[in-house]
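Student: Chains A and B supply the protein sequences, listed in that same order. This note's numbering puts the first sequence at residues 452 to 968. This note's numbering puts the second sequence at residues 219 to 552.
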Amino acid sequence: MISTPQDSPDESALLQLRGISKGFPGVRALDGVDFTVRSGEVHALMGENGAGKSTLIKVLTGVYRRDAGEITFKNRSINPASPKQAQDIGISTVYQEVNLIPHLSIAENICLGRQPERFGCIRWKFIRHRAEQALARLGVSVDVTETVANCSIAIQQLAAIARALDISARVLILDEPTSSLDEKEVATLFGVLRRLKAEGLGIVFVTHFLDQVYEISDRITVLRNGKLVGEYAAASLPRIELISKMMGREFSEAELHRGETAVASRSDAKPVVELKELGRKRVLNPLSFHILPGEILGLSGLLGSGRTETARLMFGIDRPDCGQLLLDGQPVALRSPRSALNHKLGFCPEDRKTEAIVPNLSVRENIILALQASRGWLRYLPQAKQIELADRFIQALNIKTPNREQAVRLLSGGNQQKVILARWLASHPRLLILDEPTRGIDVGAKLEIEKLMAGLAGDGMAILFISSDLEEMTRNSHRIVVLRDRKKVCELRGADISENAIMHAIAGTHENKEASA
Amino acid sequence: MRNWFQSQTWHKLKWPLAALALVLAYNFFFTPGFFQIEIKNGRLYGSLVDILNRAAPMMLVTLGMTLVIATGGVDLSVGALMAISGAVAALLLTQTALAVPAVMAIALGAATVAGLLNGALIGFLQVPPIVATLVLMVSGRGVAQLITDGQIITFSNPAFEFIGRGAVLGMPFPVVLVVLGCVALVLFTRKTAAGLFIECTGDNEKSSRYSGVNTRLVKMLVYGICALLAGLAGLIYVTNIKAADSNNAGMWMELDAILATVIGGTALTGGRFYLLASLAGAALIQALTTTILTRGVPVEWTLVVKALVITGVCLLQSEPFRRSVQSLWRKSPA
């Protein structure tokens, strides 16, 4: 079993990283990290936000140059200078955020950069055929001529994975591959991973879903603050121990599973927001619900069930063509996000990269943006006030950044999310819409955001909380509206709230619950 | 001050300034009398003053272009707008008895309205900037010719001619206009929220809109400002030659202005913008042109030399290029 790097057979250590270090201005992202991927294993790479997972992967795939350390692949020292080179060597990656070209078709995206050519001409039929084959391997059948921008994020993610699988990779790196997939799609993906594992591929799997780690992984490597904590066999590392290794502190099961949330809603309170048969043709069937001050309303359902569509209608991004939106009892017509902001609404969108962050602007500018937009052009926040606001939120939300002038794109995903939250908190909304606020961020940041949500509700803010994570949904919501096929199917409150009840509602077996029980 | 030398403003300014210094150093050694400045009739004369004076229209247009490019757009119509404002001014001067300020206001107004229309097409109707402004680039010159009836209108009006030929404290008035324009824009973009809104719109329009920024209005506004400045440049042009020549006014101006902006380090993809560095870029382009002309290089060579120098500046700005040169440097002495 024990083998040294020199004489280890190919089956065992496929890819070895030794003493990898990488620094950025003001941050030591990786500090002497070792990491080994063996043939035929699924290896989970775990850690909090900013632990260095993404940096390690980027060093491995040639996006970043390492400052120190050695990488060996099949016992040969390698030094990839670009993702293309890494791919040629046999290391393929699917990144956390979907990296496809939105205006090209799925087939074009899958074959991009290695188009089959004959006499210098692209063989379109062959491209389509190859793309279909690559997707069939994932058990997905879609029209590969469809433009990527028109597909759901789940399909996009699967296409990105198909793209990485298309060539004969030896190591496949999946950075948060499941964060926008529903359960069936995750099962499909895991089926594929198991087959690839049997074919002898080494698979590196980065995720924040603990269940998935234990379902699929053989081995777990934990990083914390850019340093290696250790490598463990998944079977011999209890879940609670994994979390305490990631967080660097003792953690009790109780903290993860907070008890029943006290229902803040009083029957005599007036709703902050009320939807009366609000809908839009082909987007959302007429929908009604209300949110009380200090209440967290969960909006649950599968991907594409109308959750995000509801949020967009409520924030004035899309316009409803029927029904009414009442704010504090007054009907309002929101014509743009700007008018929603004027009515003191806030919205953290699902897609952080394209809809939330302004990547090259500083943390400070990103935080003050919504507040400044509501103040207009001329009442520019004085520099001192901007600095004070930025510093206050960086501290209050524990945003990890070398300084307030750092470009937001350089922060890790969880910290970017906190910046977006800070942006809205600075504008003092009465209703905050959070669409998947914990997508792609680690346990620690997730808990911080959940705590923050509870605190805001405690201060009387109304919150609409959208999430695919049922556990998180049941833990945080006072009331849950379940959507299926762009229709409201039921509303759960108090003791009725459970993962089981939501799943039954989504599956459509809710009505028969009493009969069968 | 030390802080300022670490700022992005200085970081972007240093390359065009370095290139400008090189051009001037060349002239110091090889062009006799290049640095001579004399005072005649209370006015400064000399090659350096001449460079600034001739660069003034381009600098004004470059200021506007920088804001447009910062929103991720481009304005190809600036040359045509110069022709329109010049034609309107010449027509009013020769055909009506309107006072000079009114003539100026109407001429600038005409250009600004055209720019705002462009901005509305781009901001509200989502027409790609290159298409919307290309339409005006082609049709605008036609409109200018219709205004002047296809003729070159000559005029003589000393008060109006002050715009291009006058001087304040010895400085040619166009240079004064550039300084005023630059100060006004810097104040507008950095002392109000306009700069933040322009930069965030260019960097990520969707995020900005979802944060409540009226990105459509931002876009409309920058095209309006750019058109106003182009109109002003047009007035300088007509007063320089005392005639409205719709065929040649502001010819290729859009390309020089885009180039100056790029040399100044504002990315064509939008986002952060640098007004002072753009002006330095415009000064560099004009210094080159003047140097080539005074050196008596055959005219055919002018564009080639210009292209070479500007390619050099762009290479200096390119991070990968600098890195590979540095690594060559480190290897070669061994």
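Quick reminder that beta carbons are idealized off the backbone N, C-alpha and C, glycines included.
Could you list which residues in chain B have their beta carbon closer than 9 Å to that of THR805 of chain A, in chain order?
Tutor: In chain order: ASN422, LYS424 and SER425.
Student: Please classify ILE255 of chain B as buried or exposed, where buried requires at least 16 other C-beta atoms within 10 Å of its C-beta.
Tutor: Looking at its Cβ environment, which holds fewer than 16 other Cβ atoms inside 10 Å, ILE255 of chain B is exposed.
Student: Mapping the DSSP letters down to three states, classify ALA519 of chain A as helix, strand or coil.
Tutor: DSSP places ALA519 of chain A in strand when its eight states are reduced to three.
Student: Distance check for VAL356 of chain B and GLY297 of chain B, CA to CA, integer angstroms please.
Tutor: C-alpha separation (whole angstroms): 10 Å.
Student: Let's test the definition: count the other Cβ atoms within 10 Å of the Cβ of VAL595 of chain A and tell me whether it reaches 16, buried, or not, exposed.
Tutor: So VAL595 of chain A ends up on the buried side.
Student: For LEU364 of chain B and ILE370 of chain B, what's the separation of their Cα atoms in angstroms?
Tutor: Looking at the two C-alpha atoms, the distance is approximately 11 Å.
Student: If the criterion is Cβ atoms closer than 8 Å, does the pair LEU507 of chain A and ILE471 of chain A meet it?
Tutor: Yes, these two residues count as a Cβ contact at 8 Å.
Student: Anything in chain A within Cβ reach of CYS418 of chain B, meaning under 8 Å, just list it in chain order.
Tutor: Simply VAL809, LEU812, GLU816 and LEU820.
Student: Check whether the Cβ of LEU829 of chain A lies closer than 8 Å to any Cβ atom in chain B.
Tutor: Yes, contact with chain B.
Student: Is the beta carbon of ILE818 of chain A less than 8 Å from the beta carbon of ALA908 of chain A?
Tutor: No. Outside cutoff.
Student: In chain B, what lies closer than 7 Å to LEU792 of chain A by C-beta?
Tutor: Under the 7 Å cutoff, chain B gives GLY430.
Student: Helix, strand or coil for ILE370 of chain B, going by three-state DSSP, please let me know.
Tutor: Looking at ILE370 of chain B - three-state DSSP - the assignment turns out to be coil, as it is neither helix nor strand.
Student: Using C-beta distances below 6 Å, list every residue in its chain close to GLY972 of chain A, excluding the 5 sequence neighbours before and after it, in chain order.
Tutor: The structure shown does not extend to residue 972 of chain A, since chain A is modelled only from 452 to 968, so the question has no answer here.
Student: What residues in the segment 381-411 of chain B bring their beta carbon closer than 7 Å to a beta carbon of chain A?
Tutor: Within the segment 381-411 of chain B, the residues whose Cβ lies closer than 7 Å to some Cβ of chain A are LYS409, THR410 and ALA411, listed in chain order.
Student: DSSP has LYS939 of chain A in a bridge; who is on the other side?
Tutor: Paired residue(s): A:LEU934.
Student: Should ILE257 of chain B go down as buried or exposed, given a rule of 16 or more other Cβ atoms within 10 Å for buried?
Tutor: So ILE257 of chain B counts as exposed.
Student: Can you list, in chain order, the residues of the segment 482-495 of chain B whose Cβ is nearer than 8 Å to any Cβ on chain A?
Tutor: Flagged, chain order: GLY489 and ARG490.
Student: Identify the contact partners of LEU414 of chain B in chain A, using a Cβ-Cβ distance below 7 Å as the criterion.
Tutor: Correct list: GLU816 and GLN823.
Student: Helix, strand or coil for THR629 of chain A, going by three-state DSSP, please let me know.
Tutor: Here THR629 of chain A sits in coil by DSSP.
Student: Just to confirm my understanding: we take GLY864 of chain A, look at its own chain, exclude 5 residues before and 5 after, and list those with CB closer than 6 Å. What are they?
Tutor: The residues are GLY891 and ILE892.
Student: For the segment 847-865 of chain A against the segment 819-830 of chain A, are there 3 or more C-beta pairs whose distance is under 8 Å?
Tutor: With the cut-off at 8 Å, the segment 847-865 of chain A and the segment 819-830 of chain A do not touch.
Student: Name the DSSP beta bridge partners of CYS572 of chain A, please?
Tutor: In DSSP, CYS572 of chain A forms a bridge with A:ARG569.
Student: Note down, in chain order, each residue of its chain lying with its Cβ closer than 8 Å to the Cβ of MET471 of chain B, except the 5 sequence neighbours on either side.
Tutor: Cβ neighbours of MET471 of chain B beyond the five flanking positions: PRO275, MET276, VAL279, VAL296, GLY297, MET300, ALA448 and ALA451.
Student: Sort A:SER695, A:LEU735, A:ASN676 and A:GLN775 by Cα distance to GLU725 of chain A and report the nearest one.
Tutor: For GLU725 of chain A, the nearest C-alpha among the options comes from A:GLN775.
Student: So, is the C-beta of PHE798 of chain A closer than 8 Å to a C-beta in chain B?
Tutor: By this cut-off, PHE798 of chain A is an interface position.
Student: Can you list, in chain order, the stretches of the beta strand (DSSP E) that have 3 or more residues and sit fully within the segment 852-934 of chain A?
Tutor: The qualifying runs are 882-886 and 913-917.
Student: Span of the beta strand (DSSP E) holding LYS727 of chain A?
Tutor: Here the beta strand (DSSP E) through LYS727 of chain A covers 724-731.
Student: Name the two residues that bound the continuous beta strand (DSSP E) containing TYR263 of chain B.
Tutor: First-last of the beta strand (DSSP E) with TYR263 of chain B: 261-263.
Student: Who are the near neighbours of ALA350 of chain B in its chain, counting only those whose CB is closer than 7 Å to its CB and skipping five residues on each side?
Tutor: Contacts found: ASN336, LEU339 and ILE340.
Student: Once you ignore the five residues that flank ARG272 of chain B on each side, which residues in its own chain have a CB closer than 6 Å to its CB?
Tutor: GLN504.
Student: Using the Cα positions of GLN226 of chain B and THR509 of chain B, report the straight-line distance between them to the nearest angstrom.
Tutor: Rounded to the nearest angstrom, the two C-alpha atoms are 30 Å apart.
Student: Under 6 Å Cβ to Cβ from LEU647 of chain A, same chain only, skipping five residues before and after it: list those, please.
Tutor: Nothing listed; no residue qualifies.
Student: Rounded to a whole number of angstroms, what is the C-alpha to C-alpha distance between TYR665 of chain A and GLU760 of chain A?
Tutor: Roughly 33 Å separates the two Cα atoms.
Student: Going by other Cβ atoms of all chains shown within 10 Å of its Cβ, with 16 needed for buried, is ARG830 of chain A buried or exposed?
Tutor: So ARG830 of chain A counts as exposed.
Student: Applying a beta-carbon distance threshold of less than 9 Å, which residues of chain B neighbour ILE768 of chain A?
Tutor: In chain order: ARG427 and TYR428.
Student: Using a Cβ-Cβ cut-off of 8 Å, state whether SER542 of chain B counts as contacting chain A.
Tutor: So, not an interface residue.
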